[in-house]
């Protein structure tokens with residue numbers, strides 16, 4: 001029951017909404033029939049919610065760039081026909097273009113909603129992530145001192161997802177009271193009744209996590225409006241509004257029929273439905289438009305200018321014995337000291353999943369505790385929040401073990417990539433360097449996964465000095481970066497004259513390889529944990545008159561062509577990595593050589609399969625990453641060439 005005093009909608013407003021709703025239902029049916037696919041049933045049950053929320057919220061077609069506009073996240077992105085119809089009829093977009101080009105290759109009106117559509121804040125479709133994105137937007141309002149409200153419109157079926165529960169708890173812990181969820185409760189999902197597919201006590205779940213809950217008729221404009229008023233004006237808690245709706249609302253033969261969840265009407269069914277809605281059947285007009293129309297391209301900005309003082313790099317001397325994760329924490333703490341609460345600087349936030357001491361995010365928390373968010377063992381929710389908040393003009397850092405921060409949340413990172421986020425993902429405890437924790441915690445496949453994320457850049461620094469400079473670099477660059485490192489100490493890499501190679505005047509340049517040792521008989525290409533033993537092996541081999549080049553390829557997805565060409569001229573390349581051979585640096589280099597037509601013998605040292613539990617140095621030696629094993633491997637390879 002809505003308790004706030006009603007502010008009755010005028011008869012003119014009610015009449016207008018009812019008229020728009022009828023037209024929009026026709027739009028939904030026409031676009032899905034024309035495309036031959038789509039989700040008309042759920043679109044029609046959510047439509048009235050969309051119309052009232054977009055009419056009620058502080059957002060207008062001409063203020064989509066206003067930083068104080070309300071944010072509306074559509075979690076169940078498959079109801080895109082309903083959203084496009086509502087936005088079109090409310091003046092946000094060209095409705096004829098949306099109907100005619102729905103699900104056409106060059107159209108922005110895809111089957112699931114995308115950020116480039118006017119009025120859409122977040123690309124969705126993977127159910128269960130919308131509330132997390134909403135938490136990211138609501139948290140951004142707190143960080144930036146904005147007064148906007150965040151609305152998240154969701155389906156009932158996705159309430160069964162664990163990530164939704166994670167987001168509820170996060171919202172309550174961090175008092176995201178300018179956050180309202182509206183749930184389209186039509187009680188049907190693709191496989192049938194929500195009560196049979198997977199029963200969920202939606203109301204009690206939200207109540208038990210400290211939310212306030214309202215229940216309304218999701219097709220009654222006044223009830224929707226009143227509920228939004230109460231949820232928006234009561235700043236004591238986040239709200240969940242359960243809106244009882246009817247799938248296929250407005251067309252008698254579609255109502256409460258689950259088969260129309262994801263099935264477009266046939267043309268004869270469309271004719272019958274349009275007649276019932278008292279609408280013209282002008283499908284042929286849209287069919288002709290579909291062939292002729294050139295879709296508009298909306299120039300909505302994705303990036304933003306970053307204003308950060310990265311500070312002066314630290315220089316770690318040869319006696320320093322710290323892991324790269326500590327160098328990361330030190331650099332981030334330095335950056336926080338220089339920028340936190342400084343006027344005109346881009347805010348930085350850090351997210352942790354109960355690993356504060358291990359990943360060294362605690363060092364940032366010492367300086368900026370109010371910008372440090374402990375999410376507990378809730379990686380899926382945290383990954384989405386960290387991505388969403390980074391689209392709001394905030395640099396977002398998520399630090400986690402590799403096995404959790406990419407293996408476990410690949411789908412969330414994929415959606416971040418699709419949304420062009422500005423996330424700095426720091427993965428520690430990579431490879432078998434985790435040691436005794438065993439194969440469940442050895443993240444040996446991170447490159448294989450991240451290679452599939454088109455916009456992610458990956459950096460695997462060699463030692464604390466390079467790590468320091470990499471961290472200072474990524475916070476000044478827009479885009480998704482993963483910086484990876486192991487668990488154990490990383491000795492400082494020295495140049496041939498004994499000075500720290502990555503110290504002094506070294507500047508990190510993305511895509512540039514580092515020539516650490518020069519030799520003409522063979523070349524090692526390596527990264528991360530492979531660098532230090534490779535350098536030592538080359539130095540030992542030189543004593544035997546065997547000259548080996550050693551290259552540090554810290555950016556394995558953006559290869560240095562000149563370095564690879566020079567390495568290939570030796571005739572023998574050996575790749576060395578603490579990663580699965582089938583999907584790591586070696587496979588990347590091999591593919592590159594083949595694509596470029598560069599001739600050279602190439603051999604690989606790396607992980608053939610899952611490892612067991614033991615000290616990290618024993619596991620690394622077992623896969624061939626130790627000075628004696630590298631020396632023996634190179635000698636054998638050189639002998640085979642003769």
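In full-length UniProt numbering, the protein residues as written are 1 to 642. Each residue gets a CB set at the ideal place from its N, CA and C atoms; glycine is no exception. In this text, all values refer to a predicted model and were calculated from it rather than measured experimentally.
Give every residue of the same chain whose Cβ lies closer than 7 angstroms to the Cβ of residue 552, excluding the five residues on either side of it in the sequence, and list them in chain order.
Here the set comprises 462, 513, 514, 516, 526, 527 and 531.
Starting from the N-terminal side, write out each stretch of the beta strand (DSSP E) that is 3 residues or longer and does not extend beyond the segment 172-217.
179-185 and 212-217
Which partner residues does residue 102 have in the DSSP bridge list?
Per DSSP, none; premise fails for residue 102.
Grab the span of the beta strand (DSSP E) containing residue 154 for me, first residue to last.
150-155
In chain order, what residues of the same chain have a beta carbon less than 7 angstroms from the beta carbon of residue 92, not counting five sequence neighbours either side?
61, 118 and 119
Kindly list the residues whose CB is nearer than 7 angstroms to the CB of residue 489, restricted to its own chain and excluding five residues on each side of it in sequence; keep chain order.
321, 322 and 323
With a Cβ-Cβ cutoff of 8 angstroms, do residue 306 and residue 346 count as a contact?
yes
Compute the beta-carbon to beta-carbon distance between residue 194 and residue 187, rounded to the nearest angstrom, for a pair I have assumed lies under 8 angstroms.
5 angstroms
Exposed or buried, what is residue 470 when buried is set at 16 or more other beta-carbons lying within 10 Å of its beta-carbon?
buried
Consider the Cβ of residue 50: report whether some Cβ of chain D lies at a distance smaller than 8 angstroms.
Included in the structure is just one protein chain, with no chain D present.
What's the C-alpha gap between residue 156 and residue 618?
51 angstroms
Measuring alpha carbon to alpha carbon, tell me which of 43, 476 and 511 ends up nearest residue 258.
43
Short check: CB of residue 171 to CB of residue 102, under 8 angstroms?
no
What is the DSSP secondary structure of residue 5, counted as helix, strand or coil?
With a pLDDT of 47 at residue 5, under the threshold of 50, the predicted position of this residue should be treated as unreliable, and no value is reported.
Counting only the same chain and skipping the five closest in sequence on each side, list residues whose C-beta sits under 6 angstroms from that of residue 139.
389
Use the C-beta contact count for residue 596: other C-beta atoms within 10 angstroms, 16 or more gives buried, fewer gives exposed.
Its Cβ having fewer than 16 others within 10 Å, residue 596 is exposed.
Output yes or no for whether 8 angstroms exceeds the beta carbon distance between residue 47 and residue 21.
Cβ atoms of residue 47 and residue 21: closer than 8 angstroms.
Quick one: Cα of residue 637 to Cα of residue 576, how far?
Looking at the two C-alpha atoms, the distance is approximately 14 angstroms.
Pick helix, strand or coil for residue 510, following the three-state DSSP scheme.
coil
Are the beta-carbon atoms of residue 152 and residue 75 separated by less than 8 angstroms?
Yes. Within cutoff.
Rounded to whole angstroms, how far is the Cβ of residue 144 from the Cβ of residue 392, which I believe are closer than 8 angstroms?
7 angstroms
Report the rounded CA-to-CA distance for residue 281 versus residue 148, giving the unit in angstroms.
Each residue's alpha carbon lies about 41 angstroms from the other.
Output the distance between the C-alpha atoms of residue 108 and residue 123, rounded to the nearest integer angstrom.
11 angstroms
Output the distance between the C-alpha atoms of residue 578 and residue 398, rounded to the nearest integer angstrom.
22 angstroms
Look at the alpha carbon of residue 521 and the alpha carbon of residue 407, and state the distance between them as a whole number of angstroms.
38 angstroms
Once DSSP output is grouped into helix, strand and coil, what is the label at residue 147?
Under the three-state reduction of DSSP, residue 147 is assigned to coil, being neither helix nor strand.
By the DSSP assignment, the alpha helix (DSSP H) with residue 333 in it spans what residues?
That run of the alpha helix (DSSP H) goes 324-339.
What did DSSP end up calling residue 575 once you bin it into helix, strand or coil?
Residue state, collapsed to three classes: strand.
Which residues share a DSSP beta bridge with residue 457?
481
Out of 222, 511 and 352, which has the shortest C-alpha to C-alpha gap to residue 56?
222
For residue 552, write down the residues that DSSP places opposite it in a beta bridge.
Note: residue 552 sits in a beta bridge opposite 514 and 526.
Does residue 294 come out as helix, strand or coil in the three-state DSSP assignment?
Residue state, collapsed to three classes: coil.
Distance, Cα to Cα, residue 594 vs residue 562?
When rounded, the distance between both Cα atoms is 15 angstroms.
For the beta strand (DSSP E) containing residue 603, list its first residue and its last residue.
Following the DSSP letters along the chain, one finds residue 603 inside the beta strand (DSSP E) bounded by residues 601-607.
With DSSP as the reference, label residue 306 as helix, strand or coil.
coil
Please specify which runs of the beta strand (DSSP E), each continuous and at least 3 residues long, are wholly inside the segment 62-105, giving them in chain order.
71-74
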